[in-house]
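Asker: Below: one structure in C-alpha coordinates.
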Amino acid sequence: MASGFEGNSKLTFALQSEFHKGFPLENLRPLLTSDNLHTQAAAAFLTAEASSRIGYKMNCVVAEIADLLDSQVSGIRFDAIEALLGCTTPADGAILGRVMLRLDDEHAGVRWRVVQFICLAERWQLKLAVENAAALRPDSAFKTLVNAYGHYFMPSSKDLRQLLEHADPVLRRFAAAVAIRPREVIVERFVAMAEQSDDAEIRKIAADCRQGYLRPTYAIGPSIVK
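Under this note's numbering, the first residue of the sequence shown is numbered 205, with each subsequent residue one higher.
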(Lines of atoms letter the chains of each structure in order from A and count residues from 1; the text may use other names and numbers.)
(Lines give C-alpha, C1' and ligand atoms only; values in the text may rest on other atoms or scores of the structure.)
Protein backbone atom coordinates (compact mmCIF):
# COMPACT_ATOMS: atom_id res chain seq x y z
CA MET A 1 0.00 0.00 0.00
CA ALA A 2 1.34 3.41 -0.96
CA SER A 3 2.75 5.77 1.68
CA GLY A 4 -0.21 8.09 1.19
CA PHE A 5 -2.80 5.32 1.60
CA GLU A 6 -5.83 6.65 3.49
CA GLY A 7 -7.92 3.52 3.71
CA ASN A 8 -9.85 1.67 1.05
CA SER A 9 -12.27 -1.07 2.06
CA LYS A 10 -12.37 -2.60 -1.43
CA LEU A 11 -8.59 -2.89 -1.52
CA THR A 12 -8.52 -4.33 2.00
CA PHE A 13 -11.13 -6.98 1.22
CA ALA A 14 -9.40 -7.81 -2.07
CA LEU A 15 -6.21 -8.46 -0.14
CA GLN A 16 -8.17 -10.56 2.35
CA SER A 17 -9.37 -12.81 -0.47
CA GLU A 18 -5.74 -13.50 -1.37
CA PHE A 19 -5.30 -15.38 1.92
CA HIS A 20 -7.20 -18.25 0.32
CA LYS A 21 -4.91 -18.26 -2.71
CA GLY A 22 -1.60 -18.82 -0.95
CA PHE A 23 -0.76 -15.19 -0.16
CA PRO A 24 2.61 -15.29 1.70
CA LEU A 25 1.79 -14.17 5.22
CA GLU A 26 5.29 -12.76 5.66
CA ASN A 27 4.20 -10.07 3.20
CA LEU A 28 2.05 -8.64 5.99
CA ARG A 29 5.18 -7.57 7.87
CA PRO A 30 5.77 -4.25 6.05
CA LEU A 31 2.06 -3.45 6.34
CA LEU A 32 1.98 -4.14 10.09
CA THR A 33 5.10 -2.02 10.64
CA SER A 34 4.17 0.81 8.27
CA ASP A 35 4.39 4.40 9.48
CA ASN A 36 1.02 4.97 7.82
CA LEU A 37 -1.70 4.38 10.44
CA HIS A 38 -4.29 3.61 7.75
CA THR A 39 -2.04 0.86 6.41
CA GLN A 40 -1.47 -0.47 9.94
CA ALA A 41 -5.21 -0.44 10.58
CA ALA A 42 -5.91 -2.37 7.38
CA ALA A 43 -3.25 -4.95 8.27
CA ALA A 44 -4.56 -5.30 11.82
CA PHE A 45 -8.08 -5.83 10.49
CA LEU A 46 -6.86 -8.47 8.04
CA THR A 47 -5.01 -10.43 10.72
CA ALA A 48 -7.99 -10.25 13.07
CA GLU A 49 -10.39 -11.46 10.39
CA ALA A 50 -8.11 -14.35 9.47
CA SER A 51 -7.18 -15.38 13.00
CA SER A 52 -9.99 -17.89 13.49
CA ARG A 53 -9.17 -19.69 10.22
CA ILE A 54 -5.42 -19.50 9.71
CA GLY A 55 -4.28 -17.89 12.93
CA TYR A 56 -1.54 -20.41 13.72
CA LYS A 57 0.05 -19.71 10.32
CA MET A 58 0.34 -16.03 11.24
CA ASN A 59 2.73 -16.78 14.08
CA CYS A 60 5.47 -15.75 11.65
CA VAL A 61 4.42 -12.13 12.25
CA VAL A 62 3.27 -12.47 15.87
CA ALA A 63 5.89 -9.98 17.11
CA GLU A 64 4.72 -7.34 14.63
CA ILE A 65 1.08 -7.89 15.61
CA ALA A 66 2.01 -7.63 19.29
CA ASP A 67 3.66 -4.26 18.69
CA LEU A 68 0.25 -2.95 17.60
CA LEU A 69 -0.94 -3.35 21.21
CA ASP A 70 0.86 -0.05 21.84
CA SER A 71 -0.76 1.75 18.90
CA GLN A 72 -2.22 5.19 19.54
CA VAL A 73 -5.33 4.05 17.64
CA SER A 74 -7.79 2.08 19.77
CA GLY A 75 -9.22 0.24 16.77
CA ILE A 76 -5.77 -1.12 15.90
CA ARG A 77 -5.27 -2.32 19.49
CA PHE A 78 -8.75 -3.90 19.35
CA ASP A 79 -7.97 -5.89 16.20
CA ALA A 80 -4.50 -6.88 17.39
CA ILE A 81 -5.96 -8.57 20.47
CA GLU A 82 -8.29 -10.68 18.33
CA ALA A 83 -5.45 -11.65 16.01
CA LEU A 84 -3.22 -12.67 18.92
CA LEU A 85 -5.90 -14.98 20.28
CA GLY A 86 -5.47 -17.09 17.15
CA CYS A 87 -1.76 -16.86 16.37
CA THR A 88 0.05 -17.16 19.72
CA THR A 89 1.82 -20.32 20.88
CA PRO A 90 3.14 -21.41 24.30
CA ALA A 91 6.39 -19.64 23.38
CA ASP A 92 4.58 -16.29 23.33
CA GLY A 93 3.98 -15.86 27.06
CA ALA A 94 5.28 -12.29 27.22
CA ILE A 95 3.02 -11.27 24.34
CA LEU A 96 0.01 -12.85 26.05
CA GLY A 97 0.93 -10.93 29.20
CA ARG A 98 0.85 -7.69 27.22
CA VAL A 99 -2.63 -8.59 25.97
CA MET A 100 -3.83 -9.10 29.55
CA LEU A 101 -2.38 -5.76 30.68
CA ARG A 102 -4.75 -4.09 28.20
CA LEU A 103 -7.55 -4.93 30.64
CA ASP A 104 -6.57 -1.51 32.03
CA ASP A 105 -6.72 0.20 28.61
CA GLU A 106 -8.10 3.74 28.53
CA HIS A 107 -10.64 2.74 25.85
CA ALA A 108 -13.68 0.71 26.94
CA GLY A 109 -13.85 -1.13 23.61
CA VAL A 110 -10.30 -2.42 23.99
CA ARG A 111 -11.04 -3.58 27.54
CA TRP A 112 -14.12 -5.37 26.17
CA ARG A 113 -11.93 -7.15 23.63
CA VAL A 114 -9.63 -8.37 26.42
CA VAL A 115 -12.69 -9.68 28.29
CA GLN A 116 -13.60 -11.58 25.12
CA PHE A 117 -10.03 -12.88 24.93
CA ILE A 118 -10.34 -14.23 28.49
CA CYS A 119 -13.62 -15.92 27.59
CA LEU A 120 -12.32 -17.56 24.41
CA ALA A 121 -8.67 -18.27 25.24
CA GLU A 122 -7.33 -21.75 25.69
CA ARG A 123 -6.48 -22.53 29.29
CA TRP A 124 -2.74 -22.40 28.61
CA GLN A 125 -3.15 -18.99 26.97
CA LEU A 126 -5.01 -17.61 29.96
CA LYS A 127 -2.49 -19.03 32.43
CA LEU A 128 0.45 -17.57 30.51
CA ALA A 129 -1.35 -14.25 30.06
CA VAL A 130 -2.01 -13.77 33.78
CA GLU A 131 1.41 -14.97 34.95
CA ASN A 132 3.30 -12.88 32.40
CA ALA A 133 1.18 -9.80 33.11
CA ALA A 134 2.16 -10.18 36.77
CA ALA A 135 5.83 -10.56 35.81
CA LEU A 136 5.80 -7.63 33.39
CA ARG A 137 4.12 -5.34 35.91
CA PRO A 138 4.80 -6.60 39.45
CA ASP A 139 2.84 -3.73 41.00
CA SER A 140 -0.29 -4.60 39.00
CA ALA A 141 -3.51 -6.31 40.01
CA PHE A 142 -2.31 -9.47 38.30
CA LYS A 143 0.40 -10.00 40.91
CA THR A 144 -2.35 -9.87 43.52
CA LEU A 145 -4.39 -12.29 41.46
CA VAL A 146 -1.58 -14.85 41.19
CA ASN A 147 -0.56 -14.55 44.85
CA ALA A 148 -3.99 -14.51 46.48
CA TYR A 149 -6.10 -16.58 44.11
CA GLY A 150 -4.29 -19.66 42.92
CA HIS A 151 -7.41 -21.07 41.30
CA TYR A 152 -8.40 -18.03 39.28
CA PHE A 153 -9.49 -20.20 36.32
CA MET A 154 -12.17 -21.98 38.35
CA PRO A 155 -12.78 -19.78 41.39
CA SER A 156 -15.10 -20.77 44.18
CA SER A 157 -18.28 -18.76 44.56
CA LYS A 158 -16.69 -17.03 47.57
CA ASP A 159 -13.52 -16.04 45.71
CA LEU A 160 -15.45 -14.90 42.66
CA ARG A 161 -17.68 -12.65 44.73
CA GLN A 162 -14.63 -11.15 46.45
CA LEU A 163 -13.04 -10.43 43.08
CA LEU A 164 -16.24 -8.93 41.67
CA GLU A 165 -16.39 -6.58 44.67
CA HIS A 166 -12.66 -5.78 44.70
CA ALA A 167 -11.60 -2.14 44.88
CA ASP A 168 -9.40 -2.55 41.79
CA PRO A 169 -11.47 -2.27 38.57
CA VAL A 170 -9.01 -4.50 36.70
CA LEU A 171 -9.71 -7.37 39.08
CA ARG A 172 -13.44 -6.74 38.78
CA ARG A 173 -13.23 -6.94 34.98
CA PHE A 174 -11.14 -10.09 35.14
CA ALA A 175 -13.62 -11.66 37.55
CA ALA A 176 -16.54 -10.79 35.28
CA ALA A 177 -14.75 -12.39 32.34
CA VAL A 178 -14.01 -15.55 34.33
CA ALA A 179 -17.62 -15.62 35.54
CA ILE A 180 -18.90 -15.90 31.98
CA ARG A 181 -16.03 -18.05 30.68
CA PRO A 182 -17.62 -21.33 29.56
CA ARG A 183 -16.90 -24.63 31.23
CA GLU A 184 -18.81 -26.54 28.53
CA VAL A 185 -21.73 -24.54 29.88
CA ILE A 186 -21.84 -21.04 31.35
CA VAL A 187 -22.66 -21.11 35.06
CA GLU A 188 -25.83 -19.18 35.83
CA ARG A 189 -24.94 -18.28 39.41
CA PHE A 190 -21.63 -16.75 38.32
CA VAL A 191 -23.30 -14.63 35.63
CA ALA A 192 -25.90 -13.56 38.20
CA MET A 193 -23.12 -12.41 40.54
CA ALA A 194 -21.69 -10.21 37.80
CA GLU A 195 -25.15 -8.78 37.09
CA GLN A 196 -25.42 -7.65 40.71
CA SER A 197 -22.22 -5.59 40.59
CA ASP A 198 -22.27 -1.88 41.40
CA ASP A 199 -19.87 -1.38 38.47
CA ALA A 200 -21.78 -0.63 35.24
CA GLU A 201 -18.98 -2.05 33.09
CA ILE A 202 -19.22 -5.38 34.93
CA ARG A 203 -23.00 -5.50 34.49
CA LYS A 204 -22.54 -4.85 30.76
CA ILE A 205 -20.12 -7.78 30.50
CA ALA A 206 -22.77 -10.05 32.01
CA ALA A 207 -25.45 -8.64 29.70
CA ASP A 208 -23.25 -9.17 26.63
CA CYS A 209 -22.73 -12.77 27.72
CA ARG A 210 -26.48 -13.36 27.85
CA GLN A 211 -26.84 -11.85 24.39
CA GLY A 212 -24.15 -14.17 23.02
CA TYR A 213 -21.47 -11.57 22.23
CA LEU A 214 -18.93 -12.86 24.74
CA ARG A 215 -19.08 -16.62 24.42
CA PRO A 216 -17.98 -19.16 21.84
CA THR A 217 -20.65 -20.73 19.70
CA TYR A 218 -20.19 -24.16 21.29
CA ALA A 219 -20.97 -22.94 24.82
CA ILE A 220 -24.39 -23.51 26.30
CA GLY A 221 -25.58 -20.21 27.67
CA PRO A 222 -26.68 -19.20 31.16
CA SER A 223 -30.04 -20.25 32.58
CA ILE A 224 -29.06 -23.86 31.74
CA VAL A 225 -26.80 -24.67 34.70
CA LYS A 226 -27.64 -23.22 38.08
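Even for Gly, the Cβ is constructed at its ideal location relative to N, Cα and C.
Can you give the Cα-Cα distance for A270 and F394, rounded to whole angstroms?
Answerer: The sequence position of residue 270 within the sequence shown is 66, counting from 1. The sequence position of residue 394 within the sequence shown is 190, counting from 1. Spanning the two alpha carbons is a distance of roughly 32 Å.
Asker: Which runs of the beta strand (DSSP E) spanning at least 3 residues fall entirely within the segment 312-395, listed in chain order?
Answerer: 389-391
Asker: Are the segment 331-345 and the segment 276-289 touching by the rule of at least three beta carbon pairs closer than 8 Å?
Answerer: no
Asker: Hey, would you say W316 sits closer than 9 Å to D412, going by beta carbons?
Answerer: In the sequence shown, residue 316 corresponds to position 112, counting from 1. In the sequence shown, residue 412 corresponds to position 208, counting from 1. In contact: W316 and D412 (Cβ atoms closer than 9 Å).
Asker: Could you name the residues of the same chain whose beta carbon sits closer than 8 Å to that of I280, not counting the 5 residues immediately before and after it, in chain order?
Answerer: The residue labelled residue 280 in the question sits at position 76 within the sequence shown. Exclusion of the five residues before and after I280 leaves L241, Q244, A245, A248, L272 as the residues of its chain whose Cβ lies within less than 8 Å of its Cβ.
Asker: Looking at the structure shown, is L418 part of a helix, part of a strand, or coil, going by DSSP?
Answerer: Counting from 1 along the sequence shown, the entry for residue 418 is found at position 214. Reduced to three states, the DSSP call for L418 is coil.
Asker: Quick one, are the C-beta atoms of I299 and A381 less than 9 Å apart?
Answerer: Taking the first residue of the sequence shown as 1, we reach residue 299 at position 95. Taking the first residue of the sequence shown as 1, we reach residue 381 at position 177. No.
Asker: When the Cα of R365 is compared with those of D402, K347, E253, which residue comes out closest?
Answerer: Along the sequence shown, one-based indexing puts residue 365 at 161. Comparing Cα-Cα distances from R365 to each of D402, K347, E253, the minimum goes to D402.
Asker: Is V318 closer than 9 Å to V334 when the C-beta atoms are compared?
Answerer: Numbered from 1 along the sequence shown, position 130 holds the residue referred to as residue 334. Numbered from 1 along the sequence shown, position 114 holds the residue referred to as residue 318. No.
Asker: When you compare only the Cα positions, how much space is there between A252 and R233?
Answerer: Residue 252 sits at position 48 when you count from the first residue of the sequence shown. Residue 233 sits at position 29 when you count from the first residue of the sequence shown. Distance between the alpha carbons of A252 and R233 is about 14 Å.
Asker: Taking the alpha-carbon positions, what's the L330 to V374 distance?
Answerer: Locating residue 330 in the sequence shown gives position 126, counting from the first residue. Locating residue 374 in the sequence shown gives position 170, counting from the first residue. Between L330 and V374, the C-alpha separation is close to 15 Å.
Asker: Can you grab the Cα-Cα spacing for the pair S361 / A379, in whole Å?
Answerer: Your numbering for residue 361 matches position 157 in the sequence shown. Your numbering for residue 379 matches position 175 in the sequence shown. Rounded to the nearest angstrom, the two C-alpha atoms are 11 Å apart.
Asker: When you compare only the Cα positions, how much space is there between I258 and A325?
Answerer: The residue you call residue 258 lines up with position 54 of the sequence shown. The residue you call residue 325 lines up with position 121 of the sequence shown. If I take the Cα positions, the gap works out to 16 Å.
Asker: Could you tell me the alpha carbon to alpha carbon distance between L307 and F227, rounded to whole angstroms?
Answerer: Position 103 of the sequence shown, counted from the start, is the residue given in the question as residue 307. Position 23 of the sequence shown, counted from the start, is the residue given in the question as residue 227. Between L307 and F227, the C-alpha separation is close to 33 Å.
Asker: Measure the CB-CB distance between R407 and P386 and report whether it falls below 9 Å.
Answerer: Here residue 407 corresponds to residue number 203 of the sequence shown, with the count starting at 1. Here residue 386 corresponds to residue number 182 of the sequence shown, with the count starting at 1. No, the Cβ-Cβ distance between R407 and P386 is not below 9 Å.
Asker: Grab me the residues of M262's own chain with a C-beta within less than 8 Å of its C-beta, minus the 5 sequence neighbours each way, in chain order.
Answerer: The residue you call residue 262 lines up with position 58 of the sequence shown. The residues are L229, L232, T251, A254, S255, I269, A287, G290, C291.
Asker: So the alpha helix (DSSP H) E230 belongs to, where does it begin and stop?
Answerer: Working through the sequence shown from its first residue, we reach residue 230 at position 26. No alpha helix (DSSP H) contains E230, which DSSP labels as neither H nor E.
Asker: Could you tell me the boundaries of the alpha helix (DSSP H) in which S256 lies?
Answerer: Reading the sequence shown from its first residue, position 52 is the one you call residue 256. Unbroken alpha helix (DSSP H) run through S256: 241-258.
Asker: Just to confirm the assignment, what range does the alpha helix (DSSP H) spanning C264 have?
Answerer: On the sequence shown, residue 264 is found 60 positions in, with the first residue counted as 1. Looking at the DSSP string, C264 is not in any alpha helix (DSSP H), and its letter there is neither H nor E.
Asker: Taking the alpha-carbon positions, what's the N336 to G297 distance?
Answerer: Within the sequence shown, residue 336 is the residue found at index 132, counting from 1. Within the sequence shown, residue 297 is the residue found at index 93, counting from 1. Going from the Cα of N336 to the Cα of G297 covers about 6 Å.
Asker: Ignore the nearest five residues each way along the sequence and tell me which others in L367's own chain have a CB closer than 6 Å to its CB.
Answerer: Position 163 of the sequence shown, counted from the first residue, corresponds to residue 367. Excluding sequence neighbours, L367 sits near L375, A379.
Asker: Residues in the same chain with beta-carbon distance under 8 Å from V277, minus the five sequence neighbours each way, listed in chain order, please.
Answerer: Numbered from 1 along the sequence shown, position 73 holds the residue referred to as residue 277. The answer, listed in chain order, is L241, Q244, A245.
Asker: May I have a chain-ordered list of the beta strand (DSSP E) segments no shorter than 3 residues that lie completely inside the segment 272-319?
Answerer: As summarised for the segment 272-319, there are no continuous beta strand (DSSP E) elements at least 3 residues long confined to that stretch.
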